[in-house]
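**Student:**
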Amino acid sequence: MPEPLLELRDVTQVYRSGTRAFLALKDVHLTLAEGEFVVLLGPSGCGKSTLLRIATGLQKPTSGVVLYRGEPLRGVNPRATIVFQTFALFPWLTVLENVEVAAAARGLPPAERRRRALEMLDRVGLDGFEEAYPRELSGGMRQKVGFARAMVVEPELLCLDEPFSSLDALSAAALRGELLELWHSGKISTKAILMVTHNIEEAVFLGDRLLLMEKDPGRIVAEVRVPLAPPRRHQTGEFRAVVDEVYALLAGETQPEPVELGSAPGEPGRVRALPDVPVASLAGLVEALAATPGGRHDLYKLAGDLHVDSDHLLRSVEALELLGFVTVAKGDIALTPLGGTFAGAGILARKEIFAARLRRLPIVRWLLELLEAAEGGRLRGEVVARALELQFPQKEAEKQFKVIVDWGRYAELFAYDDATDALYLETATRATT
Ligand code: ADP
-6 MPEPLLELRD VTQVYRSGTR AFLALKDVHL TLAEGEFVVL LGPSGCGKST
44 LLRIATGLQK PTSGVVLYRG EPLRGVNPRA TIVFQTFALF PWLTVLENVE
94 VAAAARGLPP AERRRRALEM LDRVGLDGFE EAYPRELSGG MRQKVGFARA
144 MVVEPELLCL DEPFSSLDAL SAAALRGELL ELWHSGKIST KAILMVTHNI
194 EEAVFLGDRL LLMEKDPGRI VAEVRVPLAP PRRHQTGEFR AVVDEVYALL
244 AGETQPEPVE LGSAPGEPGR VRALPDVPVA SLAGLVEALA ATPGGRHDLY
294 KLAGDLHVDS DHLLRSVEAL ELLGFVTVAK GDIALTPLGG TFAGAGILAR
344 KEIFAARLRR LPIVRWLLEL LEAAEGGRLR GEVVARALEL QFPQKEAEKQ
394 FKVIVDWGRY AELFAYDDAT DALYLETATR ATT
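Following the numbering used here, the numbering of the sequence shown begins with -6 at its first residue and continues without gaps.
Written as structure tokens, this is what we have:
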């Protein structure tokens, strides 16, 4: 076993407000060995950020022990750095100066600061932008400066709090690649990485070990090892298998898929129709559930609280159940960790989660296969609508077409041009490699 760099034992964090005490973390055990990239995944409010702050010594837990290289951590750990979702750069300093300032905090002499800052900027791909000011850079480039600033300190423990979630898909993919290259090159002094994300694909792409968390109280409930050697590729069967495992754990799946999801059109068995609800109202309901205190909600009371008619609510709930975002038992509804993760995720991670869940629905798979087989990945919507009429009564077939298009568009699995009735595979904008 490599030496543990960081160890959390029985860490509990209680936040008090007035007379109420809130268990943000309960009995958390976590070991981070040298050479490990560990990812924390879980719904909003399960204590991920709290855990990062405790791991770096920015916060002392209510109880429990934090050991760094076997020694109890006292105060802020000078060997650790956190990169946040949006990195605040000094707007009046150039890119180079922003990185140099961080190096200065380590007490390096000026010439050495400059040398290291230049080297780090080069490594994150900002060569040529040294004299630019933050306002002249794109969001992706600014985040790269943030990474350079964190790395120039040469942290042994690098903590990342959703570092890619505010970036567009292409910049996020590029920066993930650069981070991995730095990490695997062994040219940096970072010995372990602990990252928080809501993005499941990102977690499987980067992590050696994923820790799944739940809330109320915040705790680690499962661990998934990712036994994939670099370079990892999103579309390979082994990658998808790990992604599926994580989704199943987060959605709390217990039923075999064919029982739960039905068959695809043209196959024997029942084709399960998608509930007729727009994606926007699904997302709205997940957010409302995440924002309401308490784990379970009475369905009928919820209809009143949210001012929606119960028929619409029941269809939404059926859709969310199908997606694994909620569970329903005895008239009560509760978000699954996957639903909570979706609620806390940014737009891109939401689309990824939604896409992954849609891809497992037989009717969506069927449509994707039709499109893949079609010339140029393109079909007239009418052709699909006709095929659906073989499965459903005409009115229902129309609804199904509308719902699949709405959901699939949101997930960016395919696009639909209303004007030309063209349905086509969305490949150009997906940044997965
Ligand atoms: P996550 O990063 O998983 O969203 P956080 O660690 O930010 O979770 O928060 C966990 C829970 O603790 C949330 O319910 C949050 O509202 C609460 N919390 C976080 N920081 C504080 C604080 N300083 N005081 C009171 N409650 C807090």
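Ideal Cβ placement from N, Cα and C applies to all residues, glycine included.
Looking at Ala17 and the ligand ADP, is the gap between the Cβ and the nearest heavy atom below 7 Å?
**Tutor:** Yes, since a heavy atom of the ligand ADP falls inside the 7 Å radius drawn around the Cβ of Ala17.
**Student:** Measuring only the C-alpha atoms, how far is Leu186 from His290?
**Tutor:** Residue 186 is actually Ile in this sequence, not Leu. Going from the Cα of Ile186 to the Cα of His290 covers about 37 Å.
**Student:** Which class does Thr55 belong to by DSSP, given the choice of helix, strand or coil?
**Tutor:** The answer is coil: DSSP assigns Thr55 none of H, G, I, E or B.
**Student:** Out of Leu151, Glu129, Pro156, state which residue places its alpha-carbon closest to the alpha-carbon of Gln491.
**Tutor:** No answer is possible for residue 491: it lies beyond the span of the chain, which begins at -6 and ends at 426.
**Student:** For a test of the three-state rule: what should DSSP assign to Ser42, helix, strand or coil?
**Tutor:** DSSP places Ser42 in helix when its eight states are reduced to three.
**Student:** Spatial neighbours of Gly63 within its chain, please: C-beta separation below 7 Å, excluding the five flanking residues on both sides.
**Tutor:** So no residue of the chain qualifies.
**Student:** Classify Lys137 as helix, strand or coil using the three-state DSSP reduction.
**Tutor:** It is helical.
**Student:** Under 8 Å, do Asp3 and Arg212 count as touching if we go by C-beta distance?
**Tutor:** Contact: no.
**Student:** Note the first and the last residue of the continuous alpha helix (DSSP H) segment covering Leu18.
**Tutor:** From DSSP, Leu18 is part of no alpha helix (DSSP H) but of the beta strand (DSSP E) over 13 to 26.
**Student:** Starting from Pro271, follow the alpha helix (DSSP H) in both directions and report where the run begins and ends.
**Tutor:** First-last for Pro271: undefined, no H or E at that position.
**Student:** My understanding is that Val145 touches Glu194, with C-beta atoms under 8 Å, so please give their C-beta distance in whole angstroms.
**Tutor:** At roughly 29 Å, the Cβ-Cβ gap does not stay under 8 Å, so Val145 and Glu194 are not in contact.
**Student:** Tell me which same chain residues have a C-beta within less than 6 Å of the C-beta of Gly133, skipping the five on either side of it?
**Tutor:** If we look at Gly133 and ignore the five residues flanking it on each side, its Cβ neighbours are Leu160, Ser164.
**Student:** What separation, rounded to the nearest whole angstrom, lies between the Cα atoms of Ser256 and Leu354?
**Tutor:** Cα to Cα, Ser256 sits roughly 9 Å from Leu354.
**Student:** Spatial neighbours of Ala424 within its chain, please: CB distance less than 6 Å, with the 5 preceding and 5 following residues excluded, ordered by chain position.
**Tutor:** Its pLDDT being 40, under 50, Ala424 is placed unreliably by the model, and the measurement read from it follows with that caveat. Excluding residues within five positions, the ones whose Cβ falls inside 6 Å are Ala162, Leu163, Ala166.
**Student:** I'd like to know whether the C-beta atoms of Leu307 and Leu278 end up nearer to each other than 8 Å.
**Tutor:** Against a cut-off of 8 Å, the Cβ pair of Leu278 and Leu307 comes out as no contact.
**Student:** Answer with buried or exposed for His191, where buried requires no fewer than 16 other C-beta atoms within 10 angstroms of its C-beta.
**Tutor:** Looking at its Cβ environment, which holds 16 or more other Cβ atoms inside 10 Å, His191 is buried.
**Student:** State whether the stretch 344 to 359 contacts the stretch 399 to 412, with contact taken as three or more CB pairs (one from each stretch) at a distance under 8 Å.
**Tutor:** A contact exists between the stretch 344 to 359 and the stretch 399 to 412.
**Student:** Straight-line CA distance for Trp176 to Phe30?
**Tutor:** Between Trp176 and Phe30, the C-alpha separation is close to 9 Å.
**Student:** Please confirm whether any heavy atom of the ligand ADP lies closer than 7 Å to the CB of Tyr8.
**Tutor:** Tyr8 Cβ: within cutoff of the ligand ADP.
**Student:** In the structure shown, what three-state DSSP assignment does Gln6 receive?
**Tutor:** Gln6: strand per DSSP, three-state reduction.
**Student:** Sorted by chain position, which residues of the same chain lie with C-beta nearer than 6 Å to Ser56's C-beta, five sequence neighbours on each side aside?
**Tutor:** Here the set comprises Thr5.
**Student:** Can you tell me which residues form a DSSP beta bridge with Ile186?
**Tutor:** According to DSSP, which records beta bridges pairwise, Ile186 is partnered with Phe30, Leu151.
**Student:** Taking 7 Å as the line, does the beta carbon of Cys39 fall inside it for any heavy atom of the ligand ADP?
**Tutor:** Cys39: yes, Cβ under 7 Å from the ligand ADP.
**Student:** Do Met188 and Leu199 have their C-beta atoms closer together than 8 Å?
**Tutor:** For Met188 and Leu199, yes; Cβs fall inside 8 Å.
**Student:** Between which residues of its own chain and Ser182 is the CB-CB distance below 7 Å, once the five residues before and five after are set aside?
**Tutor:** Cβ neighbours of Ser182 beyond the five flanking positions: Glu147, Glu149.
**Student:** Is the stretch 269 to 278 close to the stretch 373 to 382, with three or more CB pairs under 8 Å?
**Tutor:** At 8 Å Cβ cutoff, the stretches do not touch.
**Student:** Considering just the uninterrupted stretch of the alpha helix (DSSP H) at Ala319, what are its terminal residues?
**Tutor:** Position check: residue 319 holds Val in this sequence, whereas Ala was assumed. Taken as a continuous stretch (DSSP letters only), Val319 belongs to no alpha helix (DSSP H), being part of the beta strand (DSSP E) at 319 to 322.
**Student:** Closer than 7 Å by C-beta to Asp414: which residues in its own chain qualify, once you throw out the five before and the five after it? Chain order, please.
**Tutor:** Once the five neighbours on either side are set aside, the close Cβ partners of Asp414 are Arg373, Gly374, Glu375.
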